[in-house]
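Which chain is which? The protein sequence lines are A and B, in order. Each residue of the first sequence is one higher than the last, beginning at 1 in the numbering used here. Each residue of the second sequence is one higher than the last, beginning at 1 in the numbering used here. Using N, Cα and C, we set each Cβ at its ideal position, and we do this for glycine too. Note that the structure is a prediction, hence the values are computed from the model and not measured.
There are 2 protein chains.
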Amino acid sequence: MADVHTARRERLRERCGALGADAALVTRPANVRYLTGAEPDGSALLLTRDRAVLAVPEEPLPDAAEQLLQQPDEVQRLEVPPGADPAVAAASTAARHRVEVLAMEEHELTVARHRAVVEAAAPARPADLDRAVEQLRLVKDEEEITGLRISAEIADQALGELLESILVGRTERHLAMELERRMVDHGADCAAYPVSIATGSHAGLVGHVPTDRRVEEGDFLTVALGARYRGYGASVARTFVIGTAPAQWQIDLHAVVFAAQRAGREALQPGTPCGEADRAVREVLQSAGYAEGPPRPVGHGIGLEIEEEPRLGPGDMGKLDARVPVTVGPGVHLPGRGGVRIEDTLVVRPLGEGGPELLTITTKELLAL
Amino acid sequence: MADVHTARRERLRERCGALGADAALVTRPANVRYLTGAEPDGSALLLTRDRAVLAVPEEPLPDAAEQLLQQPDEVQRLEVPPGADPAVAAASTAARHRVEVLAMEEHELTVARHRAVVEAAAPARPADLDRAVEQLRLVKDEEEITGLRISAEIADQALGELLESILVGRTERHLAMELERRMVDHGADCAAYPVSIATGSHAGLVGHVPTDRRVEEGDFLTVALGARYRGYGASVARTFVIGTAPAQWQIDLHAVVFAAQRAGREALQPGTPCGEADRAVREVLQSAGYAEGPPRPVGHGIGLEIEEEPRLGPGDMGKLDARVPVTVGPGVHLPGRGGVRIEDTLVVRPLGEGGPELLTITTKELLAL
Numbered sequence: 001m002a003d004v005h006t007a008r009r010e011r012l013r014e015r016c017g018a019l020g021a022d023a024a025l026v027t028r029p030a031n032v033r034y035l036t037g038a039e040p041d042g043s044a045l046l047l048t049r050d051r052a053v054l055a056v057p058e059e060p061l062p063d064a065a066e067q068l069l070q071q072p073d074e075v076q077r078l079e080v081p082p083g084a085d086p087a088v089a090a091a092s093t094a095a096r097h098r099v100e101v102l103a104m105e106e107h108e109l110t111v112a113r114h115r116a117v118v119e120a121a122a123p124a125r126p127a128d129l130d131r132a133v134e135q136l137r138l139v140k141d142e143e144e145i146t147g148l149r150i151s152a153e154i155a156d157q158a159l160g161e162l163l164e165s166i167l168v169g170r171t172e173r174h175l176a177m178e179l180e181r182r183m184v185d186h187g188a189d190c191a192a193y194p195v196s197i198a199t200g201s202h203a204g205l206v207g208h209v210p211t212d213r214r215v216e217e218g219d220f221l222t223v224a225l226g227a228r229y230r231g232y233g234a235s236v237a238r239t240f241v242i243g244t245a246p247a248q249w250q251i252d253l254h255a256v257v258f259a260a261q262r263a264g265r266e267a268l269q270p271g272t273p274c275g276e277a278d279r280a281v282r283e284v285l286q287s288a289g290y291a292e293g294p295p296r297p298v299g300h301g302i303g304l305e306i307e308e309e310p311r312l313g314p315g316d317m318g319k320l321d322a323r324v325p326v327t328v329g330p331g332v333h334l335p336g337r338g339g340v341r342i343e344d345t346l347v348v349r350p351l352g353e354g355g356p357e358l359l360t361i362t363t364k365e366l367l368a369l
Numbered sequence: 001m002a003d004v005h006t007a008r009r010e011r012l013r014e015r016c017g018a019l020g021a022d023a024a025l026v027t028r029p030a031n032v033r034y035l036t037g038a039e040p041d042g043s044a045l046l047l048t049r050d051r052a053v054l055a056v057p058e059e060p061l062p063d064a065a066e067q068l069l070q071q072p073d074e075v076q077r078l079e080v081p082p083g084a085d086p087a088v089a090a091a092s093t094a095a096r097h098r099v100e101v102l103a104m105e106e107h108e109l110t111v112a113r114h115r116a117v118v119e120a121a122a123p124a125r126p127a128d129l130d131r132a133v134e135q136l137r138l139v140k141d142e143e144e145i146t147g148l149r150i151s152a153e154i155a156d157q158a159l160g161e162l163l164e165s166i167l168v169g170r171t172e173r174h175l176a177m178e179l180e181r182r183m184v185d186h187g188a189d190c191a192a193y194p195v196s197i198a199t200g201s202h203a204g205l206v207g208h209v210p211t212d213r214r215v216e217e218g219d220f221l222t223v224a225l226g227a228r229y230r231g232y233g234a235s236v237a238r239t240f241v242i243g244t245a246p247a248q249w250q251i252d253l254h255a256v257v258f259a260a261q262r263a264g265r266e267a268l269q270p271g272t273p274c275g276e277a278d279r280a281v282r283e284v285l286q287s288a289g290y291a292e293g294p295p296r297p298v299g300h301g302i303g304l305e306i307e308e309e310p311r312l313g314p315g316d317m318g319k320l321d322a323r324v325p326v327t328v329g330p331g332v333h334l335p336g337r338g339g340v341r342i343e344d345t346l347v348v349r350p351l352g353e354g355g356p357e358l359l360t361i362t363t364k365e366l367l368a369l
């Protein structure tokens, strides 16, 4: 793995050069992890032309940092006493190594922290690294995609087990905790985001926080979950019905969202504008009479962060690339009645390779549980 | 509750006046909650001399925001479309209301977000609100302390139940998830922070992330947990021994940490410097031959955030006030062998009122489980 990280750091050095900076200070946790394989809490990576210094809080090491130390890698480790800011310590190191222009993540550093870092880096001049590392992270290598694939398998397994258990009478909170436990049982490091269980009138809501409401006969049940595996997390959402037979309105609503979601998936082609999946989804929903309220993007990139670039929203004009994993997750919510949400994680692939690769394979049928 | 929040906002207006600002933009989630009772994800509060505007993402409302709408309160709600930044929308509102100087939380806003906010607020001039709201939050009212007390009771109950169950052979991860489930069963909104279970050589480590290691006979077992209840979370940590009888070194080490922790608790008096508890703890540990490595503060304030002001660390010279809840949680970790950590949450009270009020009442004895 050391080679992978070395190559990534080399690409970031090239980007820095293009920005007119001879060093970068990386503080966004997912970016630090991408460039080093380690992500100790609060750490900061200084990347100069000829060295990489990872400033970490001086504490008992979490496992990832221990692994890093065991790697035959050129990352130096700089321990920072409790209370001191690793980013400031890294900036001081930059000054000592006569860095002239230090590029920093201005979308990540707070104003107060940026001020302290700039002071410590002087006489180096500050520049904005912006989302350079996020840009590098857009297209995944096959090892990253394997991580996402295993993450998706874990969530699918946990979900499959839940569907076989008795659900009526159990609360949203308990079902959510059980899913989290099952994901960990199947090898997840943790949940990639808080498991969402939405029943009855809550079903179909995005990011619903589980409540003490109990599952009832006739409910719609929306489940959204993701497993974090080696830093990577895919996301899946499904909507089912509780009881023996869904009502007609439930069948109809599910069919519309299912068709919309399929249209979105089919719009994932290398070279297609990012907004195309969103447009395809919206067209199906609108022609069925469902005008979603605020224009929420139908999907987004996914990887080390559960929501990362690119955004698949109205008017997102950037082009999709091969090997970019994204979510497609439309939903319709009818206030007071509930709704349907269906989300997959897929990897953009050219048609010659079979088109978009579906990672989350749990059935999207309207099962009656 | 509306009166409480109105009074808090009035005090913030006074602070703003002292800073030479006629309005404040509050973005730190715990601060928004403190001032409004609501904390929708990503929301921003604009407080001018005569109005309060809460800018929130236009999405199905979480429960807290719904409550806010039902309150006879003067907070106006400003819905912001997906993708737009509520802080920027609030800043535009400030400009429309002819704010002259807008104070912002520079320790909370990123450089990029601050830039966008300053632009939207123009011609209002930016100022630094700094930790003005955190300062207001230092001394708690009795209703806040009740929230912390219930939070502590929930954690104590969950911990008590765990101690009655069979532990040998179970993994750290599973025990952690079970504790979280039990806290929710007892009425917690969620865990206030990830439950930490550290066994064997992990015991005594601060912030240990649970692993697949199984509990064995003879282990030290350190548990650290907190329940979030109405936004407030107390924290408790205990160390026990697995098996019939602890070894002598375990008895001795536990006795030292117990004595140190007691010394720290007894140093909590209104008017005492914040660093005094830390000094008292360190004195006991050092005279027993345990020089902790890096000087980690022995405790900190606790309330809407699990770690907030004041810091109880070496050289913290500010004075403790009555009704400030703090943690006192020293530990000793012997690499390869494990260790002991004991943490309580207490409220500083004058001796005339009985001295520090212990919220986390689970026994600190070295139980053999």
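- A Cβ of chain A is located within less than 8 angstroms of the beta carbon of GLU106/B.
- Beta-bridge partners assigned by DSSP to THR327/A: THR345/A.
- Taking a beta-carbon distance threshold of 8 angstroms, HIS254/B does not count as an interface residue toward chain A.
- The three-state reading of DSSP puts GLU308/A in strand, counting E and B together.
- In this structure, ALA24/B is the residue among GLU143/B, LEU205/B, GLU357/B, ALA24/B with its C-alpha nearest to the C-alpha of GLU106/B.
- For the pair PRO270/A and ALA277/A, the Cα-to-Cα distance works out to about 12 angstroms.
- Scanning the region 129-210 of chain B from its first residue to its last, the whole alpha helix (DSSP H) runs of 4-plus residues come out as 132-137, 142-163, 172-185.
- When DSSP states are grouped into helix, strand and coil, THR93/A belongs to the helix group.
- Three or more pairs of CB atoms, one per stretch, sit closer than 8 angstroms, so the region 272-292 of chain A contacts the region 326-339 of chain A.
- At a cut-off of 8 angstroms between C-beta atoms, HIS186/A does not count as an interface residue with respect to chain B.
- From the beta-carbon of HIS114/B, the residues of chain A found nearer than 7 angstroms are VAL111.
- Between the region 344-364 of chain B and the region 244-252 of chain B there are fewer than three inter-stretch CB-CB distances shorter than 8 angstroms, so the stretches are not counted as touching.
- In summary, the residues of the region 163-188 of chain A whose CB is separated from some CB of chain B by less than 8 angstroms are ARG173, HIS174, MET177, GLU180, ARG181, VAL184, in the order they occur in the chain.
- Ranking HIS333/B, ARG137/B, ALA122/B by CA distance to the CA of ARG33/B puts ARG137/B first.
- For GLU357/B, same chain residues with a beta-carbon under 7 angstroms away, outside a window of 5 residues either side, are LEU346, VAL347, ARG349 in chain order.
- Taking the C-beta atoms as reference points, GLY20/B is found no nearer than 8 angstroms to VAL75/B.
- Shortest Cα-Cα distance from LEU304/A to any of VAL26/A, VAL215/A, THR6/A, GLY37/A involves GLY37/A.
- Judged by their CB atoms, THR27/B and GLU108/B are nearer to each other than the 8 angstroms cut-off.
- By the CB criterion at 8 angstroms, ASP128/B and VAL236/B fall outside the cutoff.
- Secondary structure at ARG9/B: helix, using DSSP grouped into helix, strand and coil.
- When the Cα atoms are used, VAL133/A and ASP141/A turn out to be separated by approximately 15 angstroms.
- DSSP, read as helix, strand or coil, puts GLU79/A in strand.
- The beta carbon of LEU205/A sits closer than 6 angstroms to the beta carbons of ALA198, HIS333 from its chain, once the five residues preceding and following it are set aside; these are given in chain order.
- A direct Cα-to-Cα measurement between GLU10/A and LEU35/A gives close to 10 angstroms.
- Taking a beta-carbon distance threshold of 8 angstroms, ARG296/A counts as an interface residue toward chain B.
- By the rule that beta-carbons nearer than 8 angstroms mark a contact, GLY352/B does not touch chain A.
- Residue pairing from DSSP places LYS319/A in a beta bridge opposite PRO273/A.
- Per the coordinates, the alpha-carbon of GLY226/B lies some 22 angstroms from the alpha-carbon of GLY200/B.
- Per DSSP, THR360/A lies in no beta strand (DSSP E) and is assigned neither H nor E.
- Annotation: GLY233/B has no Cβ neighbours in chain A at a cutoff of 8 angstroms; minimum Cβ distance is about 16 angstroms.
- The beta-carbon of PRO40/B is placed no less than 8 angstroms from the nearest beta-carbon of chain A.
- PRO82/A belongs to the set of residues whose beta carbon lies under 8 angstroms from a beta carbon in chain B.
- Within the same chain, Cβ atoms closer than 6 angstroms to the Cβ of ALA121/A are found at ALA91, ALA94, ALA95, LEU102, the five residues on either side in sequence being excluded.
- In terms of beta-carbon proximity, GLY313/A lines the interface with chain B, with at least one pair separated by less than 8 angstroms.
- In the DSSP assignment, TYR34/B falls outside any beta strand (DSSP E) and lies within the alpha helix (DSSP H) extending over 29-36.
- Between TYR193/B and ILE302/B, the C-beta spacing is not below 8 angstroms.
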